[in-house]
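Contents: one structure, followed by commentary.
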Amino acid sequence: MFGEHVRTHRQRLGLTQDDLAERAGLGVRSIRNIEAGRVRVPRPSTVRLLADAFALTGPARDLFCSIAAAPRAVPVAPSDPPVVPRQLPAASPAHVGRRAALAALDQLLVTPCRLAVVQGPAGIGKSTLALHWAHRVASRFPDGQLYLDLKGYGPAPAPLGVADALCRLLDGFGVPAARIPADTDARAALLRSVTADRSFLLVLDNARDADQVRPLLPGAPGAVTVVTSRADHAGLVTTAAARLVPLGLFHERDAIDLLTHHLGAERVAAEPAAVSAIIGRCARLPLALAIIAGRGAARADFPLSELTGGPSVLDELTGDDVGADFRTVISWSYRLLSTSAARLFRLLGAAPGRDIGPAAAASLAGTPVRATRRDLRELTAAHLAHEHRSGRYQVHALLRSYAVELCSGHDPASERDTARRRLVDHYLHAAYAAAPLLAPRLARGPLPARCDGVTAERPADSRAAFDWFTDEYPNLVEVLALARDLGLHAHAWQLAGAVGAFRHRRGRWHDVIGPHRDAPAVAPGDPIASGTPGTGSA
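Take the sequence shown: its position 267, counted from the start at 1, is 267 in full-length UniProt numbering, and no numbers get skipped.
What follows is the structure, encoded as structure tokens:
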């Protein structure tokens, strides 16, 4: 116990054993013996030298000296019967799918890795998966199973503190409150001592960040820990060799299975079109599907087709339980964002297209690319956006609906229109920079000046230009419609003309020009706006 306490303080100060020996005026062998537990009761003079070396004062020094003087006073007495905790909450009977994730967790039983982090957005089913797996393997851990809700996201004003979490874990193993130290580091050391020879499972649910998790991790080789979190815990891969288990949206079959569990096979089979509509409306998000299915189960005489189809999908995903209300659940993640990331999230809801790159997002927000990349990383870490491939970000349908609602309620209409105008400007100027690299003879007229805050994007060569058009083509089609809706008809014609350089490679001109046949012929003298878009392209 005292040796672990010494090691904790030494590592806190970044000292080696040699460094500590020199600072305290002790032999390095003494330090090694103390940390290894070979010195049960160190000399008072040694304790004072170590306390001085650690610059301990006040209560921290008193605790340090008391642990050294009575190393056996804190752990559970040997005569006490061992406490075997069985703390797992009931698993959901509606668990479906997730075979790959379950297989990844199974690896904890057969590999040296003893820590997994199940991560994903709100409502994706992280806790459901963790508890399902924990119950399935509980018999493999004869010394017990502990569960702790870290309250990282939820109605609580703050997450569970590390000191309180350690106290609850020690209590789970039967350590009397009077024997639990006040110091957080001492509690962590005691937990490691109490669990050193035990084989147990620890589920840390709803973690805020790695700093909340790291002090709670057991050191016992027979212990396995599963963490669930909305946050990105890649740091635990580096510091604790964690295995990341990311969860995504349900596959179609899994969504049907979940609805079948709640509504019954006969009812689901009788209305395949309604089932398909529900799945699409819920964007295959498990929480959303469960909310709709719960409403359907409570209205057994209603046709499934009446469960969705209202003007607002978010209004359909409300409930009396805060954990079953989509807006509330997502708000717990949104409220933790920085001001700039929250603003970008709202604006992404107003942006057309299936995904967006950093430069376009910077133009939408009117912020520098470097700052926008930082905000995109924050949104991705919070699982409010998804980098589906390098440099391309998506916001799934329900989150987009939530972002649109937030944007409408928070940002004035003039600011929303200005942001969309910047985005149209961005795509127009970027397309005009890329098009000549594909078609050098493309006729080009003068472009309107870029709005303030628009980020330039210029492909380096024809290959990069072709890749840019390939990535952005679905977005360009929707931006053309946005330009028309904003009354930017010259932008629409000029953008359609620039896309003409790409359509010759792909034969997809009808997608571009179709929605804009009724746009007025503005910008007289523009060889593109006044004629067939793409004239002169090679």
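Virtual Cβ for every residue (Gly too), placed ideally from N, Cα, C.
DSSP, reduced to helix, strand and coil, places A403 within a helical segment of the structure shown.
The DSSP-derived three-state label of A385 is coil. Straight-line measurement puts the Cα of G487 at about 40 Å from the Cα of P286. For the options I279, V268 and S139, the alpha carbon positioned closest to that of A297 is the one of V268.
C-alpha of T195 to C-alpha of V322: approximately 36 Å in a straight line. By alpha-carbon distance to N475, the top candidate from E457, A351 and D467 is A351.
For D211, there is no enclosing beta strand (DSSP E); the residue is found in the alpha helix (DSSP H) stretching over A210 to V213.
In terms of Cβ geometry, A68 and L49 do not form a close pair [threshold 9 Å]. With a beta-carbon spacing of about 5 Å, A360 and H426 fall inside the 8 Å limit used to define contacts. When DSSP reads this structure, Q145 sits in a beta bridge with R86 and L201. Residues V313 and L314 of the same chain have their beta carbon placed closer than 6 Å to that of S401, with the five preceding and five following residues left out of the count. Counting C-beta pairs closer than 8 Å gives three or more between the stretch 242-258 and the stretch 87-98, which meets the contact rule. About 7 Å separates the CB atoms of L216 and L169; that is less than 8 Å, so the two are in contact. Taking all protein chains in view, the Cβ of Q107 is surrounded by fewer than 16 other Cβ atoms within 10 Å, so the residue is classified as exposed. Comparing C-alpha distances from L191 to each of C407, A483 and A220 shows the shortest one belongs to A220. When DSSP states are grouped into helix, strand and coil, R392 belongs to the strand group. Between I31 and Q11, the C-beta gap is not smaller than 9 Å, which leaves the two residues out of contact. With a 10 Å radius around the Cβ and a threshold of 16 neighbouring Cβ atoms, T308 comes out buried.
Collapsing the DSSP output to three states places V110 in coil. Within the stretch 247-312, the alpha helix (DSSP H) runs of at least 4 residues that lie entirely inside it are, in chain order, 252-263, 265-270, 272-281 and 286-298. DSSP places S229 in no alpha helix (DSSP H) but in the uninterrupted beta strand (DSSP E) bounded by V224 to S229.
Spanning the alpha carbons of P436 and R458 requires a straight line of approximately 11 Å. With contacts defined as CB atoms closer than 9 Å, A449 and A433 fail to qualify as a contacting pair. Just measuring C-alpha positions, the residue of A241, V83, Y473 and A265 sitting nearest V175 is V83.
DSSP lists V118 as the bridge partner or partners of V245.
Of the residues assessed, H388 falls on the exposed side of the cut-off, its CB having fewer than 16 other CB atoms within 10 angstroms. Residue pairing from DSSP places A207 in a beta bridge opposite S229. Taking a cut-off of 8 Å for Cβ pairs, the stretch 460-479 and the stretch 492-502 touch, as three or more such pairs fall below it.
Contact between S340 and A371 holds: CB atoms are separated by about 7 Å, below the 8 Å threshold. Judged by pairs of C-beta atoms under 8 Å, the stretch 205-214 touches the stretch 148-167, as three or more such pairs exist. Taking G264 as reference, the option from L495, R299, A240 and A241 with the minimal CA-CA separation is R299. Judged by beta-carbon spacing, H396 lies within the 9 Å limit of L249, meaning their Cβ atoms are closer than that value.
A distance below 7 Å between beta-carbons, with the five flanking residues on each side excluded, links P155 to the following residues of its chain, in chain order: V322. Between the alpha carbons of F173 and G58 lies a distance of about 30 Å. Around the beta carbon of R354, fewer than 16 other beta carbons sit within 10 angstroms, so the residue counts as exposed.
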